[in-house]
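Residue numbers (this note's numbering): 2 to 288.
Using N, Cα and C, we set each Cβ at its ideal position, and we do this for glycine too.
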Ligand SMILES: [Zn+2]
């Protein structure tokens, strides 16, 4: 038993050294073991790659698949890390299973609402485009506990998918490790701003809950928020740089300014806070 968990970089160089010193007819087996352990990855083009931190296969140039998380817009970063570590530990304890690059979960219905389903999952490997169903599931493991925590923090929507990168070791991933690519990450699409007004609309629709949705307006200049049996709301920025919420179809629309006391949101938590304000206004304002 190792006293400390080795770093991914140390593991990678150890594997490289093992390969270097193996007899020619052993290198295949060493590489296979390293791939099973998640210390190297095999591309769909069959090239074997040692650098876990690189994003693309040097052989075919394709992006390494399953190297980033996929989460709902809001997902608590700490709870997500708890899930990631539970997954890493799960596969650490089961060396007979090939370590997946990522695991994805779907939702299910319980008496008290929707939740991430631990009874079944999909395992993703770097050399396959499609995930493989893992019918064994994660019931009664720390993975299931972490999923419960995430579900209680924010009930997932029907049909939502949660895909989590599994690090090579159960340790905190190092800088440059794909496991650090956490979502929700702001996307650099709108210059110095992390989110566009359409992102605010989408997040607000999530806060408003079941039956609510959003749409991006013409070239992203505004966001539309629609809900069950209510007029569509438009979210846009006026000439004074105020964020405005108004009824889209009203010929003499009342305009409601959404306060942005700390400026434009630059991370998922700030985005959520603005979305909650929008949702609050929408509920008061709608007939
Ligand atoms: Zn390749």
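DSSP three-state label for residue 95, please. Within the chain shown, the letter at position 94 stands for residue 95. It is coil, neither helix nor strand.
Straight-line CA distance for residue 287 to residue 98? Within the chain shown, residue 287 is the residue found at index 286, counting from 1. Within the chain shown, residue 98 is the residue found at index 97, counting from 1. Approximately 53 Å between the Cα atoms of the pair.
Buried versus exposed, by CB contacts within 10 Å (16 or more), residue 110: What you label residue 110 is simply residue 109 of the chain shown in a count that begins at 1. Burial call: exposed.
Take residue 194 as the anchor and find which of 140, 248, 244, 266 has the nearest alpha-carbon. As a working note, residue 194 is residue 193 in the chain shown. That would be 266, whose Cα lies nearest to the Cα of residue 194.
Under the rule that 16 or more other beta-carbon atoms within 10 Å means buried, what is residue 200, buried or exposed? Reading the chain shown from its first residue, position 199 is the one you call residue 200. Label assigned to residue 200: buried.
Nearest-angstrom Cβ-Cβ length linking residue 148 and residue 92, presumed shorter than 8 Å: Taking the first residue of the chain shown as 1, we reach residue 148 at position 147. Taking the first residue of the chain shown as 1, we reach residue 92 at position 91. Not confirmed; about 16 Å, so no contact.
Tell me, to the nearest whole angstrom, how far the beta carbon of residue 247 is from that of residue 257; I am working on the premise that it is less than 8 Å. Within the chain shown, numbered from 1, the residue matching residue 247 stands at position 246. Within the chain shown, numbered from 1, the residue matching residue 257 stands at position 256. Indeed they touch by this definition, with Cβ atoms about 7 Å apart.
Going by C-alpha to C-alpha distance, which of 25, 164, 14 sits closest to residue 104? As a working mapping, residue 104 is identified with position 103 in the chain shown. Nearest of 25, 164, 14 to residue 104, Cα basis: 164.
Our contact map puts residue 157 next to residue 202 with C-beta atoms below 8 Å; I'd like the distance itself, whole angstroms only. Counted from its first residue, the chain shown places residue 157 at position 156. Counted from its first residue, the chain shown places residue 202 at position 201. No, residue 157 and residue 202 are not in contact; Cβ-Cβ is about 20 Å, not under 8 Å.
Hey, residue 88 and residue 144: beta-carbon distance below 8 Å or not? Translated into positions along the chain shown, residue 88 becomes position 87. Translated into positions along the chain shown, residue 144 becomes position 143. With contacts defined as CB atoms closer than 8 Å, residue 88 and residue 144 qualify as a contacting pair.
Given residue 47 as reference, the closest of 20, 32, 95 once Cα atoms are compared: Counted from its first residue, the chain shown places residue 47 at position 46. With respect to the C-alpha of residue 47, the residue from 20, 32, 95 having the closest C-alpha is 32.
Do you know offhand how far residue 296's Cα is from residue 23's? Lying outside 2 to 288, the shown extent of the chain, residue 296 is not represented and no answer is given.
Sub-8 Å separation of residue 53 and residue 206 beta-carbons: Here residue 53 is taken as the residue at index 52 of the chain shown, counted from 1. Here residue 206 is taken as the residue at index 205 of the chain shown, counted from 1. Taking 8 Å as the Cβ cut-off, residue 53 and residue 206 do not qualify as a contacting pair.
Range covered by the alpha helix (DSSP H) that runs through residue 36: As a working note, residue 36 is residue 35 in the chain shown. Its alpha helix (DSSP H) spans residues 28-37.
Please state whether DSSP places residue 247 in a helix, a strand or coil. The residue given as residue 247 occupies position 246 in the chain shown. In the structure shown, residue 247 sits in a strand (DSSP, three-state: E or B).
Ligand 1 and residue 61: does any heavy atom of the ligand fall closer than 7 Å to the residue's C-beta? Within the chain shown, the letter at position 60 stands for residue 61. Answer for residue 61: yes, Cβ within range of ligand 1.
Bridge partners - residue 237, DSSP secondary structure assignment: Counting from one through the chain shown, the residue named residue 237 turns up at place 236. Answer is 245.
Between the CA atoms of residue 235 and residue 222 - distance to the nearest angstrom: Your numbering for residue 222 matches position 221 in the chain shown. Your numbering for residue 235 matches position 234 in the chain shown. About 11 Å.
Rounded separation between residue 20 and residue 41 - CA only: Sequence index remark: in the chain shown, residue 20 carries index 19 (1-based). Sequence index remark: in the chain shown, residue 41 carries index 40 (1-based). Whole-angstrom Cα-Cα distance: 12 Å.
Considering only residues of the same chain and omitting the five flanking positions on each side of residue 141, which have a CB-CB separation below 6 Å? What you label residue 141 is simply residue 140 of the chain shown in a count that begins at 1. Same-chain partners within the cutoff: there are none.
Excluding the 5 residues flanking residue 154 on each side, which residues of the same chain have their C-beta closer than 7 Å to its C-beta? The sequence position of residue 154 within the chain shown is 153, counting from 1. Excluding positions up to five away in sequence, the list reads 77, 80.
Quick check: does the Cβ of residue 48 come within less than 7 Å of any heavy atom belonging to ligand 1? On the chain shown, residue 48 is found 47 positions in, with the first residue counted as 1. Residue 48: yes, Cβ under 7 Å from ligand 1.
Note down the Cα distance separating residue 224 from residue 237, rounded to an integer number of angstroms. Locating residue 224 in the chain shown gives position 223, where the first residue counts as 1. Locating residue 237 in the chain shown gives position 236, where the first residue counts as 1. A direct Cα-Cα distance of roughly 7 Å separates residue 224 from residue 237.
Using alpha carbons as the reference points, say which of 254, 269, 134, 14 lies closest to residue 196. The residue labelled residue 196 in the question sits at position 195 within the chain shown. The alpha carbon of residue 196 has as its nearest neighbour, out of 254, 269, 134, 14, the alpha carbon of 269.
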